[in-house]
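Chains as they are written, first to last, in the numbering used here: chain A, 879 to 1294; chain B, 12 to 156.
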């Protein structure tokens, strides 16, 4: 039993004097060592208690919380599932978990074991924890108005298929995911059937697949995130009304890699983002009514790949610089506008000095079209053959779509 | 010497015939031909091989079906279909000898939520844990005529 038991007080103060290797060990006033577990401490609390854990190494799994309590860790208490089951399972509203280290949930083909699993709960807060070596990091299912803030989440798995997502949301509403650092997971942040949620200021790097992944998730926003060196940056699929603002996507390199993948997306906005050094900056497939404005698209293989089934997308005030290819498409039909962007490949002039070029710019080069069909043709990049093809196509357009054109190309990059 | 060169020529021609056996995938690098998602979870992957030996890779049976629905079947000429064994991810089996389990707890990347099993026992074992129901291949994959 716990020696200091303030029944009237709402706060337990448990000082871990000694750290055992296998089970948490606690020393009482007589100097006897007593075993305590986090589960037994939780069982002794009453709703709305605050449980303080000062240090300690708890070798425990499937710790279950079914009442509204706050757990605050000081001096880095560690909860280790040791590769068996999950670490912490929350099935109650109004639970707060702060300052713990949770590790070692089991890899499984059958169940989605997580460091912290939150099921059917409201107003749960996960703040400033460290989650490492877990299959899934934080897993929220069927939950509303939860906060996941300031956590460090690291998968620690070798680069292969058996790692889960850093933060995984399934059927949630109004979740805030802010200022987390997530690495070495499958997808850093994954949202499936999630609405009205915010993903702000997270840093996702070195994840195997995506930095952020939307599936069937409407009315969401992500802003000020950094997606660096992931398998690919962000995939937004089968969703509507997603706002993507002021993020940085960089170093997403690989044969099918990209900064942003948009697949079957409608009514969304991509503004003020930096897309740097990606194989493909933005890839659009079957999207409509997207505003893509004031982005800086720099140093990519392809700045934009857009399929012919995209409609009413509007590119405006973007800066296209130092990309190998600016725009590629797979058909002649173009139902999107590309007016008033800055293109570093533009060779026109501005006689009336209104800041916009007097001759239109065609961002699709025939060589880009050839390379997107036959990737091996990249061998001829910057060769005389390429020069010849591009010049011939410019004089007599035959393959490239004539109406994919910037009628008013900017003479100077717009200030971001 | 002449004989050897003829054999070598024959071999090179045979090798150009196209390989209709399943291809080994590299999770994290290969991507689904239909939805473009990077393949990670090899429990649900499928492959479609054409008469010419071209391999189309999918991360989910749903994607393979959507692809054949949207593609002109006469131009595709499907030679074989392979599905990854749920119990042994990366082992590809043909649908005619396989068993299929469909259920919401089998969370596949694109919502096909169907696992393929090489024998009935392993399907029943998985069903005992995850639930779901046994379905026929024809309800999952139906190329338009």
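Think of the CB as a built atom: it goes at the ideal place given N, C-alpha and C, for glycine as much as any other residue.
Of the residues 1216(A), 1235(A) and 1230(A), the one whose Cα lies closest to the Cα of residue 1241(A) is 1216(A).
Sequence-ordered contacts of the stretch 1083 to 1109 of chain A with chain B read 1086, 1087 and 1109 [C-beta pairs closer than 7 Å]. Runs of the alpha helix (DSSP H) spanning 4 or more residues and lying entirely within the stretch 1091 to 1124 of chain A do not occur at all. Non-local C-beta neighbours of residue 1144(A) in its own chain, meaning closer than 6 Å and more than five positions away in sequence, comprise 1118, 1166 and 1167, ordered along the chain. The beta carbons of residue 1192(A) and residue 1208(A) sit no closer together than 9 Å. When Cβ-Cβ separations below 9 Å define contact, residue 1132(A) makes contact with chain B. Per DSSP, the beta bridge partners of residue 981(A) are 958(A) and 1010(A). For residue 1113(A), the residues of chain B that pass the 7 Å Cβ criterion are 48, in the order they occur in the chain.
With contacts defined by Cβ atoms closer than 9 Å, residue 1204(A) and residue 1237(A) do not form a contacting pair. The three-state secondary structure of residue 1269(A), taken from DSSP, is helix.
The criterion of a C-beta distance shorter than 9 Å is satisfied by residue 992(A) and residue 1042(A). If the five residues before and after residue 77(B) are omitted, its C-beta is found closer than 7 Å to the C-beta atoms of 45, all from its own chain and listed in chain order. Excluding residues up to 5 positions away in sequence, 1221, 1224, 1235 and 1239 lie with their Cβ nearer than 6 Å to the Cβ of residue 1287(A) in the same chain. Looking at the backbone, the Cα of residue 64(B) and that of residue 30(B) are separated by about 5 Å. Selection 1255(A), 1019(A) and 1198(A) evaluated against residue 1180(A) yields 1198(A) as nearest (Cα-Cα). In chain order, 47 and 48 make up the part of chain B whose C-beta sits under 9 Å from the C-beta of residue 1139(A). The beta-carbon separation of residue 1139(A) and residue 1114(A), rounded to 7 Å, stays under the 8 Å limit for a contact.
Note on residue 1259(A): under 16 other CB atoms within 10 angstroms of its CB, so exposed under the neighbour-count rule. The C-beta of residue 100(B) comes closer than 9 Å to at least one C-beta of chain A. Closest option to residue 1096(A), judged by alpha-carbon separation, among 1075(A), 1151(A), 945(A) and 1265(A): 1075(A). Contact annotation: residue 965(A) and residue 994(A) have beta-carbon atoms nearer than 9 Å. Within chain A, the residues placing a beta-carbon under 7 Å from that of residue 141(B) are 988, ordered along the chain.
At a cut-off of 9 Å between beta carbons, residue 67(B) makes no contact with chain A. Under DSSP, residue 1175(A) takes part in a beta bridge, and its partners are 1153(A) and 1198(A). For residue 1163(A), the nearest beta carbon of chain B is closer than 9 Å to its own beta carbon. Between residue 1064(A) and chain B, the shortest Cβ-Cβ separation is below 9 Å. Its chain contains 1000, 1001 and 1052 as the residues whose beta carbon lies nearer than 6 Å to that of residue 1023(A), once the 5 sequence neighbours on both sides are disregarded; these appear in chain order.
Under the 10 Å beta carbon count, residue 1262(A) is surrounded by fewer than 16 other beta carbons and is classified as exposed. By the C-beta density criterion, residue 1009(A) is buried, having at least 16 other C-beta atoms within 10 angstroms.
In the structure shown, residue 1061(A) adopts extended strand secondary structure according to DSSP, grouped into three states.
Judged by DSSP secondary structure, residue 85(B) falls within the alpha helix (DSSP H) whose first and last residues are 84 to 87. Contact check for residue 931(A) against residue 980(A) fails: the beta carbons are separated by 9 Å or more. Scanning the stretch 54 to 101 of chain B for uninterrupted alpha helix (DSSP H) segments of 4 residues or longer gives 72 to 81 and 84 to 87, listed from N- to C-terminal end. Residue 1083(A): member of the beta strand (DSSP E) spanning 1081 to 1083, first to last residue. At a cut-off of 9 Å between C-beta atoms, residue 127(B) does not count as an interface residue with respect to chain A.
Contact annotation: residue 1155(A) and residue 1187(A) have beta-carbon atoms that are not nearer than 9 Å.
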